[in-house]
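Worksheet for the structure shown next.
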Amino acid sequence: MRSPEPLIFEISKPGRKAYSLPALDVPAKSLEDLLPASEIRSEPADLPEVSEVDLVRHFTRLSQLNHGVDIGFYPLGSCTMKYNPKINEEVANLPGFNCIHPYVPEELAQGALQLMYEFQDYLAEIAGMDHVSLQPAAGAHGELTGILIIRAYHRSRNDLKRTKILIPDAAHGTNPASAALGGFTVVEVPSDSRGGVDIEALEEAMDETVAGLMLTNPNTLGLFDENIERIEKIVHGKGGLLYYDGANANAILGISRPGDMGFDVLHFNVHKTFGTPHGGGGPGSGPVAVKAFLEPFLPVPTVVLDNGKYRLDYDKPQTIGQMKSFYGNFLVMVKGYAYIRSLGPDGLREASRNAVLNANYILRRILEYYDLPYDRHCKHEFVVSPSRIKRNTGVRTLDISKRLLDYGVHPPTNYFPMIVDEALMVEPTETESKETLDYFADVLIAIAKEAYENPESVKSAPHTTVVGRLDEAGAARNLNVRWERPE
Ligand SMILES: *Cc1c(COP(=O)(O)O)cnc(C)c1O
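Numbering (my numbering), first residue to last: 663 to 1149.
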């Protein structure tokens, strides 16, 4: 399909320039003086030649072809697409943080180390844990780190028979992937009729060959598992450890702590819960927090405070090793730190309360048209199913999501968790106004009605976007970003 606006190559005219350079004020040298002949191309590169305004319009237009949280509502379940406060960017742009070299001596990096040390401390407090490593670069990377810590712990006790990790069927897909990458066999635990872990199935699966259980609570259905204390006893009772997937901790800040629930190790996603930008591949930050008995296994280096001086501690004989070059994604930590400091403990709790309130508000508004597989109040997100709509009209979750694009809303997460038919997973976050929440609920209701009145219009959506339905798997696997001049 042709772009509605001309491509930059098509408007290229020889001699147009988007820059002007000052006159050369040093002796001119020829290319031949500067480069060996083999490195000099025989023909100039075929680059577009355009004016400055054409260039500005080109990149501005490209930036608007994608949806972002700075453009509109983004209720992508499990991803916590909250507004990213611009103050965080300003802090991360301070030269003292932004220009610091990773090899700068510790004496000259005290401010950066202090920030990391305090960030470790805040995360430990929020988690109810004792020690934190800021190294992992993403949630899945944090999971792998945690899994390797669990493995190192069992090995340190010469307990080598534990080869399995238990994971509920509602889990995020990265959980089984991380456990497998860490060398474990994954055993799936089913959910019960309330959307929590099936306790009997857990009891049956839990034995001395199990290294641990990975759990998200509230889980990906947005439901809090009230049996967590029983789950803890079952797993610990047989010598296993509890891993908490805290990628999305937006419902619990200052309200409940995984450490108090009995978890031994967890990761957070700074790039979800703590308001730093994400999507498009990073950078992220997935710190890992552990109880004291797991501290010897943390990746090196951690940041410690000795006699009033901050330093990097590499001295951990039992460490699982280094998980990331240098110290992790430092500037993401700076933004997460700024987020925590600007909200404070009360602000964080308020954020979580509003995240839960906003999710429940939308849920109750749309229930006349959408089905709720587990009839409970939700936490920060909820999963509904348009199964009635599908039965009566043939319109599916994917169609509804595509139609939402016509209304300027990013679709919710689709078809996940897999235990819900036609899952539509909505996470509004706390940063949206009541007007935005109402607009979204109104749109979901309008699309439901449209499905009955004119199903074709929903099935052929989107109608207003630059491109229509794409082969998403193909776009990811056979990515082609090269423009070729038509013959
Ligand atoms: C996002 C998410 C992850 C993975 O985090 P990444 O940073 O994308 O690797 C893991 N678990 C849950 C529950 C998540 O929502």
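For each residue, glycine too, the CB sits at the ideal point set by N, CA and C.
Can we count E850 as close to ligand 1, meaning its CB is less than 8 Å from some heavy atom?
Counting from 1 along the sequence shown, the entry for residue 850 is found at position 188. No; taking the cut-off as 8 Å, the Cβ of E850 has no heavy atom of ligand 1 nearer than that.
For ligand 1, any of its heavy atoms closer than 8 Å to the Cβ of D1171?
With the chain covering 663 to 1149 only, the question about residue 1171 has no answer from this structure.
Is the region 753-766 close to the region 864-875, with three or more CB pairs under 8 Å?
no
Do A680 and V712 have their C-beta atoms within less than 9 Å of each other?
As a working mapping, residue 680 is identified with position 18 in the sequence shown. As a working mapping, residue 712 is identified with position 50 in the sequence shown. Contact: yes.
Could you tell me if L669 is buried or exposed, where buried requires 16 or more neighbouring beta carbons within 10 angstroms of its beta carbon?
One-based indexing of the sequence shown puts residue 669 at position 7. It counts as exposed.
Are T981 and V962 closer than 9 Å when you measure CB to CB?
To locate residue 981, count along the sequence shown from 1; it is residue 319. To locate residue 962, count along the sequence shown from 1; it is residue 300. Yes, the pair counts as a contact, with Cβ atoms nearer than the cut-off.
Could you say which of A1110, D1083, L974 lies nearest to R1027 if we only look at CA atoms?
Along the sequence shown, read from residue 1 onward, the residue named residue 1027 stands at position 365. Cα-wise, what sits closest to R1027 is A1110.
Does the beta-carbon distance from Y1001 to T1093 come in below 9 Å?
Along the sequence shown, read from residue 1 onward, the residue named residue 1001 stands at position 339. Along the sequence shown, read from residue 1 onward, the residue named residue 1093 stands at position 431. Cβ distance not < 9 Å, so Y1001 and T1093 don't count as in contact.
Mapping the DSSP letters down to three states, classify K1052 as helix, strand or coil.
Counting from 1 along the sequence shown, the entry for residue 1052 is found at position 390. It is helical.
Per DSSP, P830 forms a beta bridge with which residues?
Stepping through the sequence shown from its first residue, residue 830 is reached at position 168. V851.
Where the beta strand (DSSP E) containing M1087 begins and where it ends:
Residue 1087 sits at position 425 when you count from the first residue of the sequence shown. Here the beta strand (DSSP E) through M1087 covers 1086-1088.
Say the cut is 8 Å; is the CB of C1040 nearer than that to a heavy atom of ligand 1?
Locating residue 1040 in the sequence shown gives position 378, where the first residue counts as 1. No - ligand 1 has no heavy atom lying nearer than 8 Å to the Cβ of C1040.
From the DSSP output, in three-state form, read off M876 for me.
By one-based count along the sequence shown, residue 876 stands at place 214. Correct three-state label for M876: strand.
So does K934 have its beta carbon nearer than 8 Å to some heavy atom of ligand 1?
Position 272 of the sequence shown, counted from the start, is the residue given in the question as residue 934. Answer for K934: yes, Cβ within range of ligand 1.
If you run the structure through DSSP and keep just helix, strand and coil, what is D968?
Stepping through the sequence shown from its first residue, residue 968 is reached at position 306. Of the three classes helix, strand and coil, the one that applies to D968 here is strand, per DSSP.
Any non-hydrogen atom of ligand 1 within 8 Å of N887 CB:
Residue numbering aside, residue 887 sits at position 225 when the sequence shown is read from its first letter. According to the sequence displayed, residue 887 carries Asp and not Asn. No, ligand 1 has no heavy atom inside 8 Å of this Cβ.
Where does N1076 fall in DSSP's three states?
Residue 1076 sits at position 414 when you count from the first residue of the sequence shown. In this structure, N1076 counts as strand in the three-state DSSP scheme.
Is M1080 buried or exposed, if buried means 16 or more other CB atoms sit within 10 Å of its CB?
Along the sequence shown, read from residue 1 onward, the residue named residue 1080 stands at position 418. It is exposed - the Cβ of M1080 has fewer than 16 other Cβ atoms within 10 Å.
Determine the contact status of T882 and H816, defining contact as a CB-CB distance below 9 Å.
The residue you call residue 882 lines up with position 220 of the sequence shown. The residue you call residue 816 lines up with position 154 of the sequence shown. Cβ distance not < 9 Å, so T882 and H816 don't count as in contact.
Mind checking S1122: buried by the 16 CB within 10 Å criterion, or exposed?
Translated into the one-based positions of the sequence shown, residue 1122 becomes position 460. Its Cβ having fewer than 16 others within 10 Å, S1122 is exposed.
CB-CB under 8 Å to F846, same chain, minus the five flanking residues each way: which ones, in chain order?
On the sequence shown, position 184 is the one that residue 846 refers to. If we look at F846 and ignore the five residues flanking it on each side, its Cβ neighbours are I809, R813, T825, K826, I827, A873.
Determine the direct distance from the alpha carbon of L967 to that of E769, and round the result to whole angstroms.
On the sequence shown, residue 769 is found 107 positions in, with the first residue counted as 1. On the sequence shown, residue 967 is found 305 positions in, with the first residue counted as 1. If you take the alpha carbons of E769 and L967, they lie about 13 Å apart.
N642 beta carbon near ligand 1 (any heavy atom closer than 8 Å):
A question about residue 642 goes unanswered here, because the residues of the chain that appear run from 663 up to 1149.
Could you tell me the distance, in whole angstroms, from the CA atom of F930 to the CA atom of G801?
The residue given as residue 930 occupies position 268 in the sequence shown. The residue given as residue 801 occupies position 139 in the sequence shown. Going from the Cα of F930 to the Cα of G801 covers about 7 Å.
E1043 and G884 - do their beta-carbons sit closer together than 9 Å?
Numbered from its first residue, the sequence shown carries residue 884 at position 222. Numbered from its first residue, the sequence shown carries residue 1043 at position 381. In this structure, E1043 lies closer than 9 Å to G884 by Cβ.
First through last residue of the alpha helix (DSSP H) which encompasses A786
Residue mapping note: residue 786 aligns to position 124 of the sequence shown, counting from 1. Here the alpha helix (DSSP H) through A786 covers 772-789.
Verify the contact flag: S853, CB atom, against every heavy atom of ligand 1, threshold strictly below 8 Å.
Residue mapping note: residue 853 aligns to position 191 of the sequence shown, counting from 1. Result no, Cβ not under 8 Å from ligand 1.
Euclidean distance between Cα positions of P1152 and N912:
Residue 1152 lies beyond the range of the chain shown here (663 to 1149); nothing can be said about it.
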